[in-house]
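Residue numbers (our numbering), protein chains in the order written: chain B, 170 to 279; chain W, 30 to 142.
C-beta: ideal position from N, C-alpha, C; glycine also.
Every value quoted in this text rests on a predicted model; they were computed, and no experiment measured them.
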Amino acid sequence: QKEVEQNSGPLSVPEGAIASLNCTYSDRGSQSFFWYRQYSGKSPELIMFIYSNGDKEDGRFTAQLNKASQYVSLLIRDSQPSDSATYLCAASGSARQLTFGSGTQLTVLP
Amino acid sequence: KAGVTQTPRYLIKTRGQQVTLSCSPISGHRSVSWYQQTPGQGLQFLFEYFSETQRNKGNFPGRFSGRQFSNSRSEMNVSTLELGDSALYLCASSAGTGDGGYTFGSGTRLTVV
Numbered sequence: 170q171k172e173v174e175q176n177s178g179p180l181s182v183p184e185g186a187i188a189s190l191n192c193t194y195s196d197r198g199s200q201s202f203f204w205y206r207q208y209s210g211k212s213p214e215l216i217m218f219i220y221s222n223g224d225k226e227d228g229r230f231t232a233q234l235n236k237a238s239q240y241v242s243l244l245i246r247d248s249q250p251s252d253s254a255t256y257l258c259a260a261s262g263s264a265r266q267l268t269f270g271s272g273t274q275l276t277v278l279p
Numbered sequence: 030k031a032g033v034t035q036t037p038r039y040l041i042k043t044r045g046q047q048v049t050l051s052c053s054p055i056s057g058h059r060s061v062s063w064y065q066q067t068p069g070q071g072l073q074f075l076f077e078y079f080s081e082t083q084r085n086k087g088n089f090p091g092r093f094s095g096r097q098f099s100n101s102r103s104e105m106n107v108s109t110l111e112l113g114d115s116a117l118y119l120c121a122s123s124a125g126t127g128d129g130g131y132t133f134g135s136g137t138r139l140t141v142v
């Protein structure tokens with residue numbers, strides 16, 4: 170069973186802090202990794218994707234990938250109340266299907 | 030650039046009926062994937078279509094089927110509905126080449142009573 174595991178949370182951080190979201194995957198054949206944000210009652214929205222080991226930065230968001238440890242993370246700097254949502258980690262391999270984690274609920278406290 | 034369009038947004042059906050959901054991908058995208066989201070199981074992959082061909086299928090019963098048309102629009106059909114089929118059905122659009130991400134539509138909320 171190919172699995173993606175996320176720290177279930179919920180996670181609360183104060184406004185302006187760094188939020189750290191973590192994810193591990195079991196399938197070593199996974200090639201691409203995605204972070205989605207989902208607000209309550211809405212569909213998932215792509216934040217970032219990463220293919221290569223190391224860091225990838227986009228504005229306040231940084232994705233980190235370590236294939237040896239089968240570990241993916243998302244850092245949100247200067248967290249805002251509008252970042253409060255469920256964050257979904259997903260992995261994709263040659264089959265081009267997304268395997269999702271169960272999500273981490275983030276609350277940013279004003 | 031228009032996003033992914035799913036219709037209808039909401040549906041209420043009775044057990045035993047069938048339902049057809051529609052998805053129009055982003056212009057130029059040739060891949061459409063379908064996912065089921067429930068509180069208990071999270072997001073689960075149903076199937077993926079690329080250039081009118083099913084390339085991959087998830088672990089769902091044969092009551093769940095789909096197709097893709099030459100304009101890349103896709104439909105998903107669920108026959109003999111069960112209460113457990115109540116879920117948010119999401120369609121994701123991508124170029125299908127393995128590059129870039131998958132963009133989701135707003136989803137169809139199906140309730141089976």
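Assigned secondary structure, residue i (DSSP; H/G/I helix, E/B strand, else coil)
{"i": "serine 251 of chain B", "result": "helix"}
{"i": "glycine 113 of chain W", "result": "helix"}
{"i": "glycine 71 of chain W", "result": "strand"}
{"i": "arginine 96 of chain W", "result": "strand"}
{"i": "valine 142 of chain W", "result": "coil"}
{"i": "tyrosine 131 of chain W", "result": "coil"}
{"i": "glutamine 47 of chain W", "result": "coil"}
{"i": "asparagine 106 of chain W", "result": "strand"}
{"i": "glutamate 172 of chain B", "result": "coil"}
One or two residues paired with residue i in a DSSP bridge
{"i": "tyrosine 78 of chain W", "result": "W:Val61, W:Gln83"}
{"i": "glutamate 214 of chain B", "result": "B:Arg206"}
{"i": "lysine 236 of chain B", "result": "Its beta-bridge partners do not exist; DSSP assigns none."}
{"i": "proline 183 of chain B", "result": "B:Leu278"}
{"i": "phenylalanine 269 of chain B", "result": "B:Ala259"}
{"i": "aspartate 224 of chain B", "result": "B:Gln233"}
{"i": "alanine 188 of chain B", "result": "B:Ile245"}
Residue i vs residue j beta-carbon contact at 8 Å
{"i": "phenylalanine 218 of chain B", "j": "phenylalanine 230 of chain B", "result": "no"}
{"i": "tyrosine 64 of chain W", "j": "leucine 110 of chain W", "result": "no"}
{"i": "serine 108 of chain W", "j": "glutamine 70 of chain W", "result": "no"}
{"i": "glutamine 239 of chain B", "j": "arginine 265 of chain B", "result": "no"}
Residue i beta carbon near the ligand NAP (any heavy atom closer than 7 Å)
{"i": "leucine 234 of chain B", "result": "No copy of the ligand NAP appears in this structure; indeed no ligand is present at all."}
Local Cβ density within 10 Å of residue i, reported as buried at 16 or more and exposed below that
{"i": "arginine 206 of chain B", "result": "buried"}
{"i": "phenylalanine 98 of chain W", "result": "exposed"}
{"i": "glycine 270 of chain B", "result": "buried"}
{"i": "isoleucine 41 of chain W", "result": "exposed"}
{"i": "aspartate 114 of chain W", "result": "buried"}
{"i": "glutamate 81 of chain W", "result": "exposed"}
If the cut-off is 7 Å on Cβ atoms, which residues from the segment 63-82 of chain W count as contacting chain B, listed in chain order? Listed in sequence order: Gly71, Leu72, Phe74, Glu77.
Under 7 Å, CB to CB, which of the residues in the segment 193-217 of chain B have a partner in chain W? So the list reads Phe203, Ser212, Pro213, Leu215, given in the order they occur along the chain.
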